[in-house]
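S.K.: I am attaching a structure below and will ask some questions about it afterwards.
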Amino acid sequence: MAALEVAEALRRAGSYPHAVLAYVGADGYPVNIAVEFTESVDGALVDVGPLDQDLRPGPGQEVELTFSHIRPQPGVGYDERRYVNLWGPSTPAGDGLRVAVRRASGWDEAETPFFEYAERGVPAGRDYLDELGARPRLSGLWTVFLATRLPFLTATLIPVGLGGVVAARDNAFHTLWFVLALVAAIAVHLGLNMANDIFDDANGADAANVTPTPFSGGSRVLQYGLVKRRTMIGGCAALYAVSIGLGLYLAAERGWGLVGIGAVGVALSLAYSAPPLRLVHRGLGEPVTALGFGPVMAVGTYFACAGRWSWQPVLASIPVALLIALVLYVNQIPDRIGDAAAGKRTLIVRFSPGQVQAGYAAGVAGAYLCIVAEVAAGVTPAWTLLALATFPLAWRVRNGLRAHYESPYALMPTMQSNILLHLLTGLLLVIGYVIAVVS
Numbered sequence: 113m114a115a116l117e118v119a120e121a122l123r124r125a126g127s128y129p130h131a132v133l134a135y136v137g138a139d140g141y142p143v144n145i146a147v148e149f150t151e152s153v154d155g156a157l158v159d160v161g162p163l164d165q166d167l168r169p170g171p172g173q174e175v176e177l178t179f180s181h182i183r184p185q186p187g188v189g190y191d192e193r194r195y196v197n198l199w200g201p202s203t204p205a206g207d208g209l210r211v212a213v214r215r216a217s218g219w220d221e222a223e224t225p226f227f228e229y230a231e232r233g234v235p236a237g238r239d240y241l242d243e244l245g246a247r248p249r250l251s252g253l254w255t256v257f258l259a260t261r262l263p264f265l266t267a268t269l270i271p272v273g274l275g276g277v278v279a280a281r282d283n284a285f286h287t288l289w290f291v292l293a294l295v296a297a298i299a300v301h302l303g304l305n306m307a308n309d310i311f312d313d314a315n316g317a318d319a320a321n322v323t324p325t326p327f328s329g330g331s332r333v334l335q336y337g338l339v340k341r342r343t344m345i346g347g348c349a350a351l352y353a354v355s356i357g358l359g360l361y362l363a364a365e366r367g368w369g370l371v372g373i374g375a376v377g378v379a380l381s382l383a384y385s386a387p388p389l390r391l392v393h394r395g396l397g398e399p400v401t402a403l404g405f406g407p408v409m410a411v412g413t414y415f416a417c418a419g420r421w422s423w424q425p426v427l428a429s430i431p432v433a434l435l436i437a438l439v440l441y442v443n444q445i446p447d448r449i450g451d452a453a454a455g456k457r458t459l460i461v462r463f464s465p466g467q468v469q470a471g472y473a474a475g476v477a478g479a480y481l482c483i484v485a486e487v488a489a490g491v492t493p494a495w496t497l498l499a500l501a502t503f504p505l506a507w508r509v510r511n512g513l514r515a516h517y518e519s520p521y522a523l524m525p526t527m528q529s530n531i532l533l534h535l536l537t538g539l540l541l542v543i544g545y546v547i548a549v550v551s
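Okay, here's the thing in structure tokens:
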């Protein structure tokens, strides 16, 4: 709830249809009464009433007046959630009261959306729980789900799947090595997610972000006090240990060239947000994401299966590399104010809205042109042209960016569609390879 100047609060209150008088009764219990009111008189006075004599507060007692414009929507909730709170001493005035307003606060959902309003209250909520000596708790499984951001694993499943089907096309697919490569990739991805939260919490980027969404702003488990920092660090380290351990085992069994590929992947994942490089702060988050969740994972999986290097998985993964970079690109739009405040100079912070939208269009066009060019050059099977069927989804994202760029919560369906664009395009590329292998 934001503090308001008394004059501004009174101006708003005069336009609201509902008012409630609240005060502490003589018995110590709160009293709340729906009241009629007149607009302020003499600048900072509000008349309310009529009131029964036994429902009036004592002379000079401080009261609160809440003015609201809230309309119930059956089966949905409420809309136009706007209200103003006024506080001050009251005195009898005819058959009612006159309140001398001393301070005011309020909330207008049109100015501050509900989710942002709730987010801005998090520090006060944590202070309250600290005073009580309590902390919020979730089930262990739900906490892990949030802290690791499991739904984003589609970014790993697609390039790993591509590496596997390219190996199958070369008659070199092996289930065991594929599964171990997949587990190693999943572990480093989840470790990366936790590392990003740790470093964004340390540099203040997540704390400065008051418009997080399910697709942006981090997991928020540290900001909400759901997980202790040392627990996050321990979980992150354990996941990296699993990934590195599996990588070394695969290298020993399938070829030491995997050490170099794995080292590049781990280094990129840490350099993304960890000091001193913090590449995402330098506007390099997108190319790092494209490389790590494209060629590195695809060629690593291929090498684990085939026991050798090939350029085929590198080339096959370029379209999904571009699309996963665009997922990061779009998901950073709601974070841009908090990122800028924390010195996190992402491309979204650096670019104007028009440039961001043009950049998205260029990235999508590049992905589709790459699919066509690789088929024309005989690099990938013709069946991978199935992936072009996702173009209407890309167009939907493009329109959503134009319509809702400045509204983080209205942009959520667009962010969801963009994630789906990467997933479906990648799946169709994989299916195209599968059809080519079995036909």
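Residue numbering for the sequence shown is 113 to 551, as defined by our numbering. Virtual Cβ for every residue (Gly too), placed ideally from N, Cα, C.
1) Would residue 431 pass as a contact of residue 483 if the rule is Cβ separation under 9 angstroms?
2) Of all the options 185, 314 and 169, which has the alpha carbon lying nearest to the alpha carbon of residue 135?
3) To the nearest whole angstrom, what separates the beta carbons of residue 415 and residue 433, a pair I think is in contact under 8 angstroms?
4) Would you list the one or two residues that DSSP bridges to residue 183?
5) Pick out the complete beta strand (DSSP E) segments inside the segment 121-183, 3 residues or longer, and give them in chain order.
6) Taking all protein chains shown into account, do 16 or more other C-beta atoms lie within 10 angstroms of the C-beta of residue 203, making it buried, or fewer, making it exposed?
7) For residue 222 and residue 192, I'd like the C-alpha separation in whole angstroms.
8) Assuming the contact rule is C-beta atoms closer than 8 angstroms, residue 259 and residue 344 should be a hit. Round their C-beta distance to whole Å, please.
9) Name, in chain order, the residues that DSSP records as bridge partners for residue 217.
10) Please list the segments of the beta strand (DSSP E) lying wholly inside the segment 382-429, counting only runs of 3 or more residues, in order along the chain.
11) Starting from residue 211 and walking both ways along the alpha helix (DSSP H), at which residues does that stretch end?
12) Using DSSP bridges, identify the partner residues of residue 331.
13) Would the segment 506-526 and the segment 301-314 be scored as touching if the rule is three or more Cβ pairs under 8 angstroms?
14) Please classify residue 210 as buried or exposed, where buried requires at least 16 neighbouring CB atoms within 10 angstroms.
15) Which residue from 292, 356 and 339 puts its Cα closest to that of residue 310?
16) Is residue 443 buried or exposed, if buried means 16 or more other CB atoms sit within 10 Å of its CB?
17) Can you give me the Cβ contacts of residue 241 inside the same chain, cut-off strictly under 8 angstroms, excluding the 5 residues immediately before and after it?
18) Between residue 215 and the rest of its own chain, which residues show a CB-CB distance below 6 angstroms, the 5 nearest in sequence each way excluded?
19) Residue 294: buried (16+ other C-beta within 10 angstroms of its C-beta) or exposed?
20) By the 10 Å Cβ neighbour count, where 16 or more other Cβ atoms means buried, how is residue 236 classified, buried or exposed?
M.R.: Per the coordinate set shown:
1) yes
2) 169
3) Rounded, the Cβ-Cβ distance is 17 angstroms, inconsistent with contact.
4) 191
5) 130-136, 142-146, 149-153, 157-160 and 174-180
6) exposed
7) 7 angstroms
8) 7 angstroms
9) 115 and 197
10) none
11) First-last for residue 211: 208-212, but that is the beta strand (DSSP E), not the alpha helix (DSSP H).
12) DSSP output for residue 331 lists no bridge partner at all.
13) no
14) buried
15) 339
16) buried
17) 247, 248 and 337
18) 199
19) buried
20) exposed
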